[in-house]
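Numbering (the working numbering), first residue to last: 94 to 231.
This is the structure:
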């Protein structure tokens with residue numbers, strides 16, 4: 094579906110950035126299959142989007158480095174790496190304090206550390222999810 098839509102969109106709107114697939118994490122088989130399909134079909138890939146929830150800034154950056162390496166190895170050296178969702182949550186270890194931690198010093202420290210690490214060359218855009226203060230999650 095991506096290949097068909099991306100080619101059609103690019104033919105109709107050549108200046109519009111086209112990309113995807115907004116993967117949850119960076120599972121090897123999914124990344125490999127998507128990039129191979131794009132490469133084999135000549136589909137445009139202006140950005141590669143993915144998201145990750147973790148309480149470790151280093152894990153976030155390791156995934157970003159992995160994505161950059163896979164894009165480069167597949168010949169998509171100009172494709173942007175976009176973390177389209179990220180936040181300080183480790184879903185397997187959530188407890189009653191998880192959402193409060195996001196709003197307090199632990200969450201702020203995580204965001205600051207992640208942004209500091211993202212200043213290097215492995216992330217082009219990052220969309221924090223999310224900062225609406227009236228929600229429990231944010």
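A virtual CB, placed ideally from N, CA and C, is assigned to each residue, including glycine.
Item                                                                                                     : Value
Identified DSSP bridge partners for residue 114                                                          : 142
Residue environment, residue 186, which counts as buried when at least 16 other CB atoms sit within 10 Å : exposed
Residue closest to residue 100, alpha-carbon to alpha-carbon, out of 130, 119, 216 and 217               : 130
Residue 106 burial status per 10 Å Cβ neighbour count (16 or more: buried)                               : exposed
Residue 146 beta carbon less than 8 Å from that of residue 180                                           : yes
For residue 180, three-class secondary structure by DSSP                                                 : strand
Inter-residue CB distance, residue 95 and residue 118 (contact presumed, cutoff 8 Å)                     : Rounded, the Cβ-Cβ distance is 18 Å, inconsistent with contact.
Candidates 200, 97, 128 and 194, of which the one nearest residue 163 by Cα                              : 128
Short CB-CB distance (under 8 Å) between residue 108 and chain D                                         : Going by chain labels, chain D is absent from the structure shown, which holds only one protein chain.
At least three beta-carbon pairs within less than 8 Å, the region 131 to 138 to the region 149 to 158    : no
Where residue 213 falls: helix, strand or coil (DSSP)                                                    : coil
Backbone CA spacing between residue 173 and residue 209 [nearest angstrom]                               : 18 Å
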